[in-house]
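In the numbering used here, the protein residues as written are 1 to 106.
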Amino acid sequence: MIKYLSEDHCIKCNLCVKTCPTNVFEKVEDSHPIIARQEDCQTCFMCELYCPVDALFVSHLPDNPHESQEITFKEKEFMGSYREAIGWGKGRKSTASLDSYHLLKN
């Protein structure tokens with residue numbers, strides 16, 4: 001689920017708005033987009049993948065109502081981590097060659 005959009009890093013390109021298949025984000029005139037419908041997020045990571053400045057954090061983990069709000073601030077260090085892990089972005093190396101799934105036989 002989309003967890004965080006950094007207002008400090010966002011360049012207002014609205015690629016997250018354009019790429020989200022479930023319309024989670026809302027474009028705001030002369031400002032950064034907002035996460036308007038977080039509950040509609042399907043954790044597809046498209047927004048994080050297409051964000052050119054790693055201003056988003058999507059987590060595959062479910063929310064835990066017993067966690068403190070402080071966890072959200074710690075997650076900032078993981079912004080763009082999925083994009084980095086698969087090698088998307090300037091100066092990053094593609095990790096596709098590391099995928100050995102094609103070697104598996106039925």
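No residue lacks a Cβ here, since even glycine has one placed at the ideal position from N, Cα and C.
Distance, residue j Cα to residue i Cα
i                : j            : result
cysteine 51      : leucine 98   : 23 Å
lysine 27        : aspartate 40 : 16 Å
valine 17        : leucine 61   : 22 Å
isoleucine 34    : serine 100   : 38 Å
phenylalanine 25 : leucine 5    : 10 Å
Residues bridged to residue i [DSSP beta-bridge criterion]
i                : result
tyrosine 4       : Phe57
phenylalanine 25 : Ile35
Sequence-distant residues of the same chain with beta carbon closer than 6 Å to residue i, five excluded per side
i                : result
histidine 32     : Glu7, Cys10 and Lys12
glutamate 48     : Leu56, Val58, Tyr82 and Arg83
phenylalanine 78 : Phe57
Sub-7 Å separation of residue i and residue j beta-carbons
i            : j            : result
glycine 91   : aspartate 54 : no
methionine 1 : threonine 19 : no
glutamine 38 : threonine 22 : no
When the options are compared against residue i, the one with the closest alpha-carbon
i            : options                       : result
lysine 3     : Glu29, Val28 and Ala36        : Ala36
aspartate 30 : Cys41, Thr22, Asn23 and Asn14 : Asn14
Close beta carbons around residue i, own chain, < 8 Å, minus the five adjacent residues each side
i            : result
threonine 95 : Ala85, Ile86 and Gly87
serine 68    : The predicted position of serine 68 is uncertain, since its pLDDT is 45 and thus under 50; a value taken from the coordinates is nonetheless stated next. Correct list: empty, nothing qualifies.
glycine 89   : Pro52, Asp54, Gly80 and Arg83
Residues of its chain near residue i, where Cβ-Cβ distance is below 7 Å and the 5 sequence neighbours each way are ignored
i           : result
lysine 93   : Gly87
cysteine 44 : Pro21
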